[in-house]
Each structure stands twice: as C-alpha cells, then as structure tokens.
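Chains as they are written, first to last, in this note's numbering: chain A, 37 to 150; chain B, 121 to 234.
Quick reminder that beta carbons are idealized off the backbone N, C-alpha and C, glycines included.
None of the values given here were measured: they were computed from a predicted structure.
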C-alpha cells in the first residue's frame, strides 16, 4: 500500500506570495492532519480534516487555511507569505475506527520564503 | 494546555547497548494516547510505538519498549540492542481523544556509534 504523498517536495517563494501544498493520504484513510516543523518552534499542529470537515485547528493566523476533498486528498494554503513561514510542512493520515490515533506521515514539503 | 517535555536534547549510545529516552507530559485529560515517533535524517517521520493511557501494561515493539507511569505523567522509551539505523531524532507525543491533534515534545537527537 502506498504511503502518504506530498507535493511538491521543495518550494521557494517570495515574501507576500501565496502557496498551496498538496497531500494524498494512504488509501482508505479519511483523516488528514497538517503540521509545521521549524527549528525554533518544533512540530506544531495546524489543522485536521475528516470527511471534508475541519475538526480542529491549531494556533495559527488566518493566513493558513486548508481543505479536504471527497477523495480525502487535502490541500493547505498559506497567503501573504512571511519569512517565518519557512518550514517543513508535514501531512499525516490516519484510519479512523482502527487504531484511530495512529498517524502516518508523509515526507513533507520544504518551503523556503525569501 | 497540553505540554510535552523531553529533557534530553541529545544522547549518544554505542551499538548493541541500551538507551532510555525520557518524556514527561502534562494534561488534565484522562483519555489519551502516547506515541514515540522517529525522524531519521531522511526526514520521514515514523511511528515507533504507541501506548493507550487506559492500559497499564507497557507497550513493546521488538527492541523498543516504554515505561508508562500515568500518575507521574512519564513516558520513557527504551531501545535495546541499539543499531546504527536507530540514529534519528525521537519525538514524544500525545493526543487526547477528542482533539485529533498530536502534541509533540522538542525531540531528542540520538546518535548510535559503532
């Protein structure tokens, strides 16, 4: 079974631009979560989606948004990029009702904002 | 607020030896899951072991085992017969049942030497 895939793997953007990152969960997984990883703040939860509904959101500004499609694929969007948004963005999926809290991570998207 | 503390930023162990990574957490919830994740230099986050808070028996996965002390809110990871491939950043994390979000510690960088 294929793992969680994230595209693109690397991205360089300029301050003020916006960016969209994509995540395809493991087949059959319906929950998708997003995390931001930085050297200073560590791993921080962004949001979680299940059946196209956002069930939880971390403490991030409104510039960070996401959505989930009917096939469980998810995207996150960051508008008006700031230098501090440079990070590794990790997506994770989980299969509810069977070890529901076991999240499987993708390889991440490395975003650099210049 | 839920917090996770890993007090050992870096650790080193020789091949075939045993090492224990410490983790403490703080939560007022009763129902939660605890996890150890491993992030090798390749950056892919991998689940090492999972512990349900309602289970008194400590979880074990091959060379990896935990010492879960619920009253003390402690969740340490023991790696037996350390291998070079165990070199990685190890993150302790927990999730409350209704939150769908992993709360991570800052991580412990483990180096296994020949």
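- In chain A, no part has a C-beta under 8 Å from the C-beta of residue 171 of chain B; the shortest such distance is about 11 Å.
- The closest CA to that of residue 205 of chain B, considering only B/188, B/148, B/161 and B/143, is found on B/161.
- Between the alpha carbons of residue 57 of chain A and residue 145 of chain A lies a distance of about 7 Å.
- Chain-ordered listing is empty here: chain B has no CB closer than 8 Å to the CB of residue 111 of chain A, the nearest sitting near 18 Å.
- The DSSP-derived three-state label of residue 120 of chain A is helix.
- Contact annotation, residue 143 of chain B with residue 218 of chain B: C-beta distance approximately 22 Å; criterion of less than 8 Å not satisfied.
- Taking 8 Å as the Cβ-Cβ cut-off, the stretch 87–109 of chain A approaches chain B at 91, 92 and 94, given in chain order.
- In the three-state reduction of the DSSP assignment, residue 217 of chain B falls in the coil class, being assigned neither a helical nor a strand state.
- For residue 227 of chain B, the chain A residues whose C-beta falls within less than 9 Å of its own C-beta are 78 and 79, listed in chain order.
- At least 8 Å separates the beta-carbon of residue 183 of chain B from that of residue 194 of chain B.
- Taking the Cα positions, residue 73 of chain A is about 6 Å away from residue 125 of chain A.
- By the C-beta density criterion, residue 85 of chain A is buried, having at least 16 other C-beta atoms within 10 angstroms.
- Using a Cβ distance threshold of 8 Å, residue 54 of chain A and residue 147 of chain A do not count as a contacting pair.
- In this chain, the beta strand (DSSP E) harbouring residue 146 of chain B covers 144–146.
- Shown here for residue 234 of chain B: same chain residues with a beta carbon closer than 6 Å to its own, the five before and five after excluded, namely 135 in chain order.
- Annotation: the continuous beta strand (DSSP E) that includes residue 187 of chain B extends over 184–189.
- In this structure residue 67 of chain A is in contact with residue 220 of chain B, their Cβ atoms being roughly 7 Å apart against a cut-off of 8 Å.
- The alpha-carbon of residue 228 of chain B is positioned some 24 Å away from that of residue 129 of chain A.
- Closest in alpha carbon position to residue 158 of chain B, among B/190, B/212 and B/202, is B/212.
- Distance from the CA of residue 173 of chain B to the CA of residue 119 of chain A, rounded to the nearest whole angstrom, comes to 39 Å.
- Chain order gives the chain B residues near residue 67 of chain A as 220, where near means a beta carbon separation below 8 Å.
- Between the alpha carbons of residue 114 of chain A and residue 163 of chain B lies a distance of about 22 Å.
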